[in-house]
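Below is one structure; the comments refer to it alone.
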Amino acid sequence: MASETGNAGCLCGSVRLQIDGDPVAVTQCHCTDCQKSTGGGTVLVVMIPKSNLNIVKGSLKRYSKDADSTKSVTRCFCENCGTPLYSELEFYPSLYAVKSGVWDQDPKLEPGSAVWTSSAPEWHHVPSHLPQFPKART
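In structure tokens form, the structure reads like this:
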């Protein structure tokens, strides 16, 4: 059962999430859509089963856009402060891609791969030990 406070949320506190269980995967995404939607050069996303995430407080706004993979990505964010919380990926229908920065405590997760490295900013160092994919991982 989800707690009343959750263990993750947005900057203003209007949205609280309860995220349980282990991630399926952790990856760095360098696609231009993630760069634009977060204002950063890379996003660390934590792939979790949809059943492991519950919204315990607040409501979200959603924005959908076709990705370069021709599948839709729906970005879910706080309607008050705009914090990007997670994405719904048409190409992974049973998972959410949760932004790593929304946890209250650092989940201490290491990326297992890097995707869309072809669009990574020159100033961003992609660790050489990670499996790297120039586009989406298929």
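Take the sequence shown: its letter number 68 is residue 68 in full-length UniProt numbering, and every next letter is one higher. By construction, the Cβ of each residue, glycine as well, lies at the ideal position given by its N, Cα and C atoms.
Apart from sequence neighbours up to five positions away, the residues of its chain that approach V102 with a beta-carbon distance below 6 angstroms are A8 and L85, ordered along the chain. Burial state of K99 is buried, judged by a 10 Å Cβ sphere holding 16 or more other Cβ atoms. In this chain, the beta strand (DSSP E) harbouring C78 covers S72 to C78.
Put simply, the backbone Cα of D22 is about 29 angstroms away from that of S119. The three-state reading of DSSP puts S87 in strand, counting E and B together. Per DSSP, reduced to three states, the secondary structure at T42 is coil, with no helix or strand assignment.
In summary, L53 is buried, with 16 or more beta-carbon neighbours lying within 10 Å of its beta-carbon over all protein chains present. In the DSSP assignment, N54 is bridged to Q18. A Cβ-Cβ distance of about 4 angstroms is found for the pair V43 and C34, placing them in contact under the 8 angstroms criterion. Distance check between Y63 and each of V46, S51, G82 and K50 places G82 closest, using alpha-carbon atoms only. Judged by their CB atoms, L109 and V15 are not nearer to each other than the 7 angstroms cut-off.
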